[in-house]
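Taking it in order: structure first as structure tokens, then the write-up.
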Amino acid sequence: MTTLTRQDCIALDQHDKLAPLREQFSLPDGMIYLDGNSLGAQPKAAQQRAQDVIQQEWGTDLIKSWNKAGWFDLPSRLGNLLAPLIGAKENEVVVTDSTSINLFKAIAAALDIQVNNPEHTKRRTIVTERSNFPTDIYMAEGLTRWLDRGYRLHLVDSPEELSTAINQETALVMLTHVNYRSGYLHDMQAITAHAHAQGALCIWDLAHSAGAVEVDLNAAHADFAVGCCYKYLNGGPGAPAFIWVPQRHQAHFNHPLSGWWGHATPFSMAPSFEATKGIRRALCGTQPIVSLAMIECGLAIFAQTSMADIRLKSLALTDLFIALAEGRCGHHPLKLVTPRNQQQRGSQASFTHPHGYAVVQALIERGVVGDYREPEIMRFGFTPLYTRFVDVWDAVEILRDILDQQSYQVDLQRNAVT
Ligand SMILES: *Cc1c(COP(=O)(O)O)cnc(C)c1O
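Okay, so the sequence shown: first residue is 1 according to UniProt numbering, each after it adds one.
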């Protein structure tokens, strides 16, 4: 691996069957974008789609577009397009609201189901990781404090602790499948099976999985899932998120955000709520249609390939980045925090460096866009639809140069978004 040359990377790109898909993205010249795990790049088709929504659907057709342009059905239609990427069936996913809000609904519904569990009074813990993305923890905190039924969070500090933490006192396990900082990938099937054996339910957050790794929610027998559309799915900044409720749980999926879009007959304007059957009961209210409409452009690119091919390339890209970074920058205090084991790795590679923030800023200055997460973590996301092997080579060369020259500014004032 260390004997590899830049020319070899170009050859890898020439043989890469995903390579032509890069053409469908609008990427600024001279930028190596390794942050698609935070905000995916723009599908070129989004520009035309935005124009159509703004000019025709909104500007000309106005209110008619709820029917004519299918605005009202959009959460379900997009959900069905997304379903194959996560092992969901038809009518099990809707695209709506944010990941935080969808988590709220899923946690509430899961705890509501557990109330009917004969031993529910003994089940008072919600197990998650201390290193989970904070909003996931905050949403669980907020909801359980408000419910005031004595639930408490059990935060584990390593994946190995999960097997004992998940026990007869567990009401709910809520995990992010791929850790946003380390890129650690959990074994969804094994953890879900263990949770079920203990009588607990399992919510999976797929924010860093959907479009990045192979996911089969139904095969894993998961209970609920949520995830982002603006990361690997390239849906656009702040694009609505998704929520998956399998058919077996839909009839008793009850959550407190019972808005009119989840009503059985929304246009009967009835004075009391009656949940619709099926996945649309996960909806709440009117959606940001302009933003929602963009998501289809990203999903349309996924429809031209398979998650198996994406995963293969993703692992090849992260393997290459790790090998080159360690081979060429190994004399600097860089430490890999992403698992080397492919089975435990998402689609990113994270390294710590004592001046991580400053180094990331220097990289961005030189056109290599990654990001920084506390503590000391430089995070690089690899998006097989538009990242080339030669980009990996060039990114590591620039990193090596910055570290060798120490051309980073240690006492930088931090931006609001790191
Ligand atoms: C990105 C991310 C979120 C974002 O939630 P929003 O409601 O969109 O702000 C939530 N959870 C995880 C695990 C994430 O990675």
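The beta carbon of each residue, even a glycine, is placed where N, CA and C say it ideally should be. From a predicted model like this one, the values you see are computed outputs, not experimental measurements.
Under the three-state DSSP convention, the category Q114 falls into:
For the purposes of this step, residue 114 is taken as residue 114 along the sequence shown, with counting starting at 1. Collapsing the DSSP output to three states places Q114 in a helix.
Check whether V94 and P75 have beta carbons under 7 Å apart
For the purposes of this step, residue 94 is identified with residue 94 of the sequence shown, where counting begins at 1. For the purposes of this step, residue 75 is identified with residue 75 of the sequence shown, where counting begins at 1. In this structure, P75 lies closer than 7 Å to V94 by Cβ.
Counterpart residues of W244 in DSSP-defined beta bridges:
In the sequence shown, the residue the question calls residue 244 occupies position 244. DSSP lists V93, A225 as partners of W244.
Ligand 1 and S350: does the residue's C-beta get closer than 6 Å to at least one heavy atom of that ligand?
Numbered from 1 along the sequence shown, position 350 holds the residue referred to as residue 350. Incorrect: S350 has no Cβ contact closer than 6 Å to ligand 1.
Taking T128 as part of the beta strand (DSSP E), name the residues at either end of that continuous run.
For the purposes of this step, residue 128 is identified with residue 128 of the sequence shown, where counting begins at 1. It spans 125–129 - the beta strand (DSSP E) in which T128 sits, taken as one unbroken run.
Please list, in chain order, all residues of the same chain as I107 whose beta carbon is under 6 Å from its beta carbon, the five residues on each side excluded.
Residue mapping note: residue 107 aligns to position 107 of the sequence shown, counting from 1. Once the five neighbours on either side are set aside, the close Cβ partners of I107 are A140, L143.
Can the beta-carbon of T418 be found closer than 7 Å to that of I377?
The residue given as residue 418 occupies position 418 in the sequence shown. The residue given as residue 377 occupies position 377 in the sequence shown. Result no, Cβ atoms of T418 and I377 do not sit closer than 7 Å.
Three-pair Cβ contact test at 8 Å for the region 178–189 versus the region 341–358:
yes
If you measure from each CB to the nearest heavy atom of ligand 1 and keep those under 7 Å, what residues do you get, in chain order?
S98, T99, S100, I101, N132, F133, T135, D136, T176, Y180, D205, A207, H208, C228, K231, A241
Determine the DSSP secondary structure at K231, reduced to helix, strand or coil.
Mapped onto the sequence shown, residue 231 falls at position 231. Looking at K231 - three-state DSSP - the assignment turns out to be coil, as it is neither helix nor strand.
Could you compute how far the alpha carbon of I289 sits from the alpha carbon of C297?
Residue mapping note: residue 289 aligns to position 289 of the sequence shown, counting from 1. Residue mapping note: residue 297 aligns to position 297 of the sequence shown, counting from 1. Each residue's alpha carbon lies about 14 Å from the other.
Residues in its own chain within less than 7 Å of R328 by CB, not counting five upstream and five downstream?
By one-based count along the sequence shown, residue 328 stands at place 328. Within the same chain, R328 has close Cβ partners V396, R400.
Looking at the structure shown, is L18 part of a helix, part of a strand, or coil, going by DSSP?
Position 18 of the sequence shown, counted from the first residue, corresponds to residue 18. Note: L18 maps to coil in three-state DSSP.
At a Cβ threshold of 7 Å, is E161 touching chain C?
Checking the listed chains, one finds no chain C in this structure; it contains a single protein chain.
When burial is assigned at 16 or more other CB atoms within 10 Å of the CB, is G59 buried or exposed?
The residue given as residue 59 occupies position 59 in the sequence shown. Label assigned to G59: exposed.
Give every residue of the same chain whose Cβ lies closer than 7 Å to the Cβ of A220, excluding the five residues on either side of it in the sequence, and list them in chain order.
Reading the sequence shown from its first residue, position 220 is the one you call residue 220. Closer than 7 Å at Cβ, skipping near neighbours: M188, Q189, T192.
Less than 7 Å between the beta carbons of G381 and Q413, yes or no?
For this step, residue 381 is matched to residue 381 along the sequence shown. For this step, residue 413 is matched to residue 413 along the sequence shown. For G381 and Q413, no; Cβs fall outside 7 Å.
My output table needs one value for R152: the three-state DSSP class, helix, strand or coil.
Translated into positions along the sequence shown, residue 152 becomes position 152. Strand at R152.
Integer-rounded CB distance, given that N91 should sit under 8 Å from I279:
Position 279 of the sequence shown holds residue 279. Position 91 of the sequence shown holds residue 91. Contact flag correct, Cβ pair sits at about 5 Å.
Integer Cβ distance of V392 from F321, believed to fall under 8 Å
Along the sequence shown, read from residue 1 onward, the residue named residue 392 stands at position 392. Along the sequence shown, read from residue 1 onward, the residue named residue 321 stands at position 321. The Cβ separation is near 5 Å, so the contact holds.
Would you mind sorting residue 422 into buried or exposed? The rule is 16 or more other CB atoms within 10 Å of its CB.
The question about residue 422 has no answer here: the residues shown for the chain are numbered 1 through 418.
Under 8 Å: do the region 246–263 and the region 101–121 share three or more Cβ pairs, one atom per stretch?
yes
Here's a check: name, in chain order, each residue in its chain whose Cβ is nearer than 7 Å to the Cβ of G30, leaving out the five neighbours to either side.
The sequence position of residue 30 within the sequence shown is 30, counting from 1. Answer for G30: G367, listed in chain order.
Please go through the same chain and pick out, in chain order, the residues whose beta-carbon is closer than 6 Å to the beta-carbon of F389, but skip the five residues on each side of it.
As a first step, residue 389 must be located in the sequence shown, where it is residue number 389. Correct list, in chain order: C9, L12, D13.
Would you say A200 and T164 are within 7 Å of each other, going by their C-beta atoms?
The sequence position of residue 200 within the sequence shown is 200, counting from 1. The sequence position of residue 164 within the sequence shown is 164, counting from 1. Contact: no.
What residues are listed by DSSP as bridge partners for D261?
Locating residue 261 in the sequence shown gives position 261, counting from the first residue. Going by the sequence as given, residue 261 is Trp instead of Asp. Answer is none; W261 lacks a bridge partner.
Inspect the beta-carbon positions of K241 and T99 and report whether they are closer than 7 Å.
On the sequence shown, residue 241 is found 241 positions in, with the first residue counted as 1. On the sequence shown, residue 99 is found 99 positions in, with the first residue counted as 1. Rather than Lys, the amino acid found at residue 241 in this sequence is Ala. Result yes, Cβ atoms of A241 and T99 sit closer than 7 Å.
Within the chosen definition, does the region 203–211 reach the region 63–73 through at least 3 CB pairs nearer than 8 Å?
Not touching, per the Cβ criterion.
What are the complete beta strand (DSSP E) segments, minimum 3 residues, inside the region 310–359?
348–352
CA-CA distance, P266 and T338?
Working through the sequence shown from its first residue, we reach residue 266 at position 266. Working through the sequence shown from its first residue, we reach residue 338 at position 338. Between P266 and T338, the C-alpha separation is close to 47 Å.
Measure the CB-CB distance between I233 and G259 and report whether it falls below 7 Å.
Your numbering for residue 233 matches position 233 in the sequence shown. Your numbering for residue 259 matches position 259 in the sequence shown. For the sequence presented, residue 233 should be read as Leu rather than Ile. Result no, Cβ atoms of L233 and G259 do not sit closer than 7 Å.
Cβ of A45 within 7 Å of Cβ of F25?
Within the sequence shown, numbered from 1, the residue matching residue 45 stands at position 45. Within the sequence shown, numbered from 1, the residue matching residue 25 stands at position 25. Not in contact: A45 and F25 (Cβ atoms no closer than 7 Å).
What are the residues that DSSP puts in a beta bridge with M269?
As a first step, residue 269 is located in the sequence shown; it is residue number 269 there, counting from the start. None, per the DSSP bridge assignment.
Taking 7 Å as the threshold (C-beta atoms), are T125 and R149 in contact?
Counting from 1 along the sequence shown, the entry for residue 149 is found at position 149. Counting from 1 along the sequence shown, the entry for residue 125 is found at position 125. The answer is no: Cβ separation not under 7 Å.
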